[in-house]
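Notes follow the structure.
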Amino acid sequence: MKKILALALFGLTAVVPITAIPVAAQTVAAEQTVTFAVDNMTCALCPVTVKRAMEGVAGVRAVEIDFEARTATVIFDTAATSADAIATASANAGYPARVAG
């Protein structure tokens, strides 16, 4: 027996097989927040470069740079990437990063 989902919007009704709902909508991504200590940030352009490098990793949702503290706090999808991959992207841009603490 096939499961169905009935949708009603503005007085219109549609019946859609549940299998038609995208898999991404059926699962909740596991997000993680990690703060990295970032080396070599010495000027105002450095945080921009680090942010772009980290944001370029698939699965990264947000990057917040603290130039004064020389850190980057990153929110990412653990199903799509890892802290190691994000640190590697930063290092490849010339700014070695390691998980702080």
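Residue numbers -20 to -1, 1 to 81, in mature numbering (1 follows the signal peptide of the UniProt record, and there is no 0), belong to the letters of the sequence shown in order. Ideal Cβ placement from N, Cα and C applies to all residues, glycine included.
- Message: The alpha helix (DSSP H) that contains T68, what's its start and end?
- Response: Element bounds for T68: A63 to N72.
- Message: Please identify the residue among T29, V79 and G81 whose C-alpha is closest to the C-alpha of F47.
- Response: T29
- State buried or exposed for R32, treating a residue as buried only when at least 16 other CB atoms are found within 10 Å of its CB. exposed
- Query: So, A69 versus M21, is the Cβ gap smaller than 8 angstroms?
  - Reply: no
- Task: Count the other CB atoms, across all protein chains shown, that sit within 10 Å of the CB of V40; report buried if there are 16 or more and exposed otherwise.
- Result: buried
- Message: Just to confirm my understanding: we take A38, look at its own chain, exclude 5 residues before and 5 after, and list those with CB closer than 8 angstroms. What are they?
- Response: A60 and T61
- Query: DSSP state of T58, grouped into three classes?
  - Reply: Coil at T58, not helix or strand.
- Would you identify the three-state DSSP class for V37, choosing helix, strand or coil? coil
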